[in-house]
Amino acid sequence: MKEKDTDIIEQLDNSEYKYGFTSEIETEYIRRGLDEGVVRLISQKKGEPEWLLELRLKAFRHWQTMPMPTWAHLNIPEIDFQDIIYYAAPKKQQPKSGTIDDIDPELKRTFDKLGIPLEEQLALSGVAVDAVMDSTSVKTTFKEVLAEKGIIFCSMSEAVRDYPELVRKYLGSVVSYADNFYSALNTAVFSDGSFCYIPKGVRCPMELSTYFRINAAGTGQFERTLIVADEGAYVSYLEGCTAPRRDENQLHAAVVEIVVLRDAEVKYSTVQNWYPGDKEGKGGIYNFVTKRGVCHENARLSWTQVETGSAITWKYPSCVLMGDNSVGEFYSVAMTNNFQQADTGTKMIHIGRNTRSRIVSKGISAGRSENSYRGMVKVAKGADNARNYSQCDSLLIGDKCGAHTFPVIDSLNASAVLEHEATTSKISEEQLFYCNQRGLSTEDAVGLIVNGYAKEVLNKLPMEFAVEAQKLLAISLEGSVG
Amino acid sequence: MLKVTNLHASVGEKEILRGINLEVKAGEVHAIMGPNGSGKSTLASVLAGNEKFTVTAGEVTFEGKNLLEMSIEDRARMGLFLGFQYPVEIPGVTMANFMKMAVAEQRKFRGEEPLSTSEFLRLMREKSAVVELDSKLTSRAVNEGFSGGEKKKNEIFQMAMLDPKLAILDETDSGLDIDALRIVATGVTKLHTSENATVVITHYQRLLDYIVPDYVHVLYKGRIIHSGDKSLALKLEKEGYDWLINDHKE
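As they're listed, the protein sequences go chains A and B. Oh and the first sequence: position 386 is 380 in the working numbering, straight run, nothing missing. Counting from 1 along the second sequence, just add 36 to a position and that's the residue number in the working numbering.
Printed below as a string of structure tokens:
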């Protein structure tokens, strides 16, 4: 059976990244490197108001004083922040209220290849899409339909221009620029991203989705997403990411802020499939992301993530349960293969009374990868009757990978009830033999077992995404599909 | 259908099968009995292709093909079915999904079109009736939380779904109460035709009251030391194995 294990590992190693193509799109770059001049240039390119430039500069100055964090269970090669181009945008932008015909055909082909239909008639699937290529938002669909309900869904640049008071009120209110090294960097140089506002009492009738694509070489991507669900509102938001196959490492440092006001609910789902590097560990995206939401009274925020991409993932979508009776959830599948490294998890910060949180984390490690769960459950003094349930499972495939868990519980209130369960398992030879004996190939069996293992999390995704994610898990493992 | 000639197999350094000869023809039912540790389950595993065991000598042909050269899954797709003594659990994977993949693989192997969802569901309903399997079980994860009896019924349900040419049932009767035994055994009998063959591995003659064997073989220390008809099982039940194995003690 040893041989079989080796076989599986070989099959895993052969996995192909099907989004690795590059598009020939005329791109506008600014000069390489980062200084105040570059920050000013980005702000100027975007025609930003003074207050935003000030914020960027404050963040940049603060960033310069900060060391790169090293506490994660990651082996991060030195990153030369002066060797990165901080702004790249596809040229030939469509007019502001443009139709699909105004988009560069090559750009459109790119998104078609990715399976992101920008054509509104194709979007009958009922998903409104904002597509972000390199540094700028390319096209937001369904804007008019949403506008009827008062829902704002647009690129961050448009939001800054058209809804400055909303952006100014909430930008940086959840993740301050001083929060950490990457949030400071992001605040200084973020180029675009998505903005979403759901007015009071409105239930968003369709899934909102942002699709991020890094195309240009030598660039970093720093997008900024802000979602505000006003009192009693509801929205389900999806985020997908891919990048071309390149030998160099590319930096992605995003910030996502979510404000969930009283009685509102936000579901945020991510399928992160940035280029993970090749099987020798060459290339791939460095993914350093800060995601956090604040829940007011009776509000609910649910994070669901399927992480299969990136050479390095550093990401902890968190919930600040500020209001009484608010609920935070985190469902995660993180899969690493070859030389990928992931250090991901969540923080649940209970401040209000009767706040509840639930964490379900499923790690899958294959190849020579390292996969860590890092979680913190914090209960503040006043958080009477706070409850948390955490479950973190690890699945190992092969014997050269690692799985680690770093759970931290910090409770200052004696009435809190906190539960934590953890398991580590391997795909057993008996399971594989059983599947083989029913006619399934070992590849299919591994895919099936992994999907079964991750099911509890996959079930939390919206239907179309769940199917995609299942395929993605199988592909990332099997390598049969190029 | 199946011809086993001088089959030797080991696990590590230890030789477990030491020259098995067995021929099974279409329409036949064979029972393999023998004391604990004689190699019965190993024989079943080796025929199915379990890589825990190394075949050191001998030949096996199945439907005229060299079985030992085939992968586990191709043996299965060709129509060799193993009913497990200890069916494994696969958390999160529903029986329906599992069977859908298994049936699809088999059909692909035979060059047949995949079944439509409604055809597949109809097939599942029809076949779960063979072993009176609660239809709710098919929406549960493979063997997860199944009782001992449900697991064994589930094996025969899978056999019904896959309609094998040769079914090898490894102690399918162990751990069953009287009612479950009757249901499982009757199920196997219903599936038996003149086109297929069944090999049952068992300790107890009571199973053979339902599944009437054409041949009964006694396996001891990796060899078939005696073969007979159904009456042999009755005699073994009454007298044990001593009268047979005395001659073979080393």
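By construction, the Cβ of each residue, glycine as well, lies at the ideal position given by its N, Cα and C atoms. Everything numeric in this text was worked out from a predicted model, so none of it was measured.
| task | To the nearest angstrom, report how far apart TRP268 (chain A) and PHE282 (chain A) are at their CA atoms. | result | One C-alpha to the other measures close to 12 Å.
| Terminal residues of the beta strand (DSSP E) in which SER419 (chain A) lies | Segment 411 to 420, the beta strand (DSSP E) holding SER419 (chain A).
| request: Could you tell me if GLY120 (chain A) is buried or exposed, where buried requires 16 or more neighbouring beta carbons within 10 angstroms of its beta carbon? | output: Only weak support exists for where GLY120 (chain A) lies, its pLDDT of 48 falling under 50; the coordinates are left without a value.
| message | Quick check on this structure: which residue in A:TYR157, A:VAL260, A:ASP186 and A:GLU142 has the alpha carbon closest to the alpha carbon of ILE36 (chain A)? | response | Considering only A:TYR157, A:VAL260, A:ASP186 and A:GLU142, the residue with the shortest C-alpha distance to ILE36 (chain A) is A:ASP186.
| Whether PRO200 (chain B) touches LEU116 (chain B) by CB criterion (8 Å) | In this structure, LEU116 (chain B) lies closer than 8 Å to PRO200 (chain B) by Cβ.
| query | Under 8 Å between C-beta atoms, does PRO200 (chain B) make it to chain A? | reply | Interface criterion not met: the Cβ of PRO200 (chain B) is under 8 Å from no Cβ in chain A.
| task | Compute the beta-carbon to beta-carbon distance between VAL288 (chain A) and MET316 (chain A), rounded to the nearest angstrom, for a pair I have assumed lies under 8 Å. | result | About 6 Å; that satisfies the 8 Å criterion.
| message | Going by DSSP, what residue range makes up the beta strand (DSSP E) through LYS295 (chain A)? | response | Note that residue 295 (chain A) is Leu in the sequence shown, not Lys. For LEU295 (chain A), the uninterrupted beta strand (DSSP E) segment begins and ends at 294 to 301.
| said: Against chain B, does GLU201 (chain A) count as a neighbour if the rule is that its beta carbon must be under 8 Å from one of theirs? | reply: Output row for GLU201 (chain A): interface = no.
| Interface positions of the region 427 to 440 of chain A facing chain B (Cβ-Cβ less than 7 Å), listed along the chain | So the list reads PHE427, TYR428, ASN430, GLN431, ARG432, GLY433, LEU434, SER435 and ASP438, given in the order they occur along the chain.
| query | Buried or exposed: which applies to ILE214 (chain B), given that a residue is buried once 16 or more other Cβ atoms fall within 10 Å of its Cβ? | reply | Counting C-beta atoms within 10 angstroms of its own C-beta, ILE214 (chain B) has fewer than 16 neighbours from the protein chains shown and is therefore classed as exposed.
| request: Going by CA-CA distance only, name the one from B:LEU227, B:PHE156, B:ILE204 and B:THR225 that's closest to ARG111 (chain B). | output: Among B:LEU227, B:PHE156, B:ILE204 and B:THR225, the Cα nearest to that of ARG111 (chain B) belongs to B:ILE204.
| request: Thinking ARG161 (chain B) and SER154 (chain B) are a contact (beta carbons under 8 Å), I'd like their distance in whole angstroms, please. | output: The Cβ separation is near 11 Å, so there is no contact.
| query | Hey, how far is the Cα of GLU87 (chain B) from the Cα of LYS266 (chain B)? | reply | Whole-angstrom Cα-Cα distance: 33 Å.
| request: Can you give me the Cβ contacts of GLU231 (chain B) inside the same chain, cut-off strictly under 8 Å, excluding the 5 residues immediately before and after it? | output: Excluding sequence neighbours, GLU231 (chain B) sits near ALA62, GLY63 and LYS201.
| field | Residue closest to MET370 (chain A), alpha-carbon to alpha-carbon, out of A:GLY278, A:PRO311, A:TYR231 and A:CYS190 | value | Minimum Cα distance to MET370 (chain A) is reached at A:PRO311.
| request: List the residues that DSSP assigns as beta-bridge partners of ALA93 (chain B). | output: Looking at the DSSP assignment, ALA93 (chain B) forms a beta bridge with B:HIS44.
| message | I'd like to know if GLN38 (chain A) contacts chain B, where contact means its C-beta is closer than 8 Å to some C-beta of that chain. | response | No, GLN38 (chain A) lies away from the interface with chain B (no Cβ there is under 8 Å from its Cβ).
| query | Helix or strand or just coil, what does DSSP make of GLN142 (chain B)? | reply | Helix, per DSSP.
| Taking DSSP as the reference, what is the three-state secondary structure of GLU72 (chain B)? | Note that residue 72 (chain B) is Asn in the sequence shown here, rather than Glu. In the structure shown, ASN72 (chain B) falls within a coil segment according to DSSP collapsed to helix, strand and coil.
| request: Say whether the region 256 to 264 of chain B touches the region 216 to 231 of chain B, bearing in mind that this needs 3 or more beta-carbon pairs closer than 8 Å, one atom from each stretch. | output: With the cut-off at 8 Å, the region 256 to 264 of chain B and the region 216 to 231 of chain B do not touch.
| said: Between GLN142 (chain B) and chain A, is any beta-carbon pair separated by less than 8 Å? | reply: GLN142 (chain B) belongs to the set of residues whose beta carbon lies under 8 Å from a beta carbon in chain A.
| field | Delimiting residues of the beta strand (DSSP E) encompassing SER312 (chain A) | value | Looking at the DSSP string, the run of the beta strand (DSSP E) that includes SER312 (chain A) is 312 to 315.
| field | Reduced DSSP category for ASN445 (chain A) - H, G, I as helix; E, B as strand; rest coil | value | The answer is helix: DSSP assigns ASN445 (chain A) an H, G or I state.
| In chain B, which residues lie less than 9 Å from ILE483 (chain A) when you measure between Cβ atoms? | With chain A represented from -5 up to 476, any question about residue 483 (chain A) goes unanswered, as that position is not in the structure.
| query | In chain order, what residues of the same chain have a beta carbon less than 6 Å from the beta carbon of SER151 (chain A), not counting five sequence neighbours either side? | reply | Excluding positions up to five away in sequence, the list reads LYS40 and ASP186.
| request: Run the CB neighbour count on GLN194 (chain B), radius 10 Å, all protein chains shown included, and call it buried at 16 or more, exposed below. | output: Classification for GLN194 (chain B): buried.
| request: Tell me, please, whether the region 321 to 336 of chain A touches the region 360 to 377 of chain A by the rule of three or more beta-carbon pairs shorter than 8 Å. | output: Inter-segment contact for the region 321 to 336 of chain A and the region 360 to 377 of chain A is present: three or more beta-carbon pairs are separated by less than 8 Å.
| message | Given this structure, state the Cα-to-Cα distance separating ALA45 (chain B) from LEU243 (chain B), to the nearest angstrom. | response | Answer to the nearest angstrom: the Cα atoms are 28 Å apart.
| Where do the ends of the alpha helix (DSSP H) carrying GLY223 (chain B) lie? | That run of the alpha helix (DSSP H) goes 214 to 227.
| Apart from the five residues just before and just after GLU168 (chain B), which ones in its own chain have a Cβ nearer than 6 Å to its Cβ? | ILE219, listed in sequence order.
| request: Look up MET206 (chain B) in the DSSP assignment and give the residues it is bridged to. | output: This sequence places Asp at residue 206 (chain B); Met is not what is there. According to DSSP, which records beta bridges pairwise, ASP206 (chain B) is partnered with B:ILE237.
| query | Would ASN232 (chain B) count as contacting chain A if we go by Cβ distances under 8 Å? | reply | With respect to chain A, the C-beta atom of ASN232 (chain B) has no partner C-beta closer than 8 Å.
| said: Please state the DSSP three-state secondary structure of PHE459 (chain A). | reply: Residue state for PHE459 (chain A) is assigned as helix, using DSSP reduced to three classes.
| query | Does the Cβ of LEU116 (chain A) have 16 or more other Cβ atoms within 10 Å, making it buried, or fewer, making it exposed? | reply | At LEU116 (chain A) the pLDDT is 39, less than 50, meaning the model places this residue with poor confidence; the figure from the coordinates comes in the next sentence. LEU116 (chain A) comes out exposed.
| said: Can you check whether the C-beta of ILE204 (chain B) is within less than 8 Å of a C-beta belonging to chain A? | reply: It does not; no Cβ of chain A falls within 8 Å.
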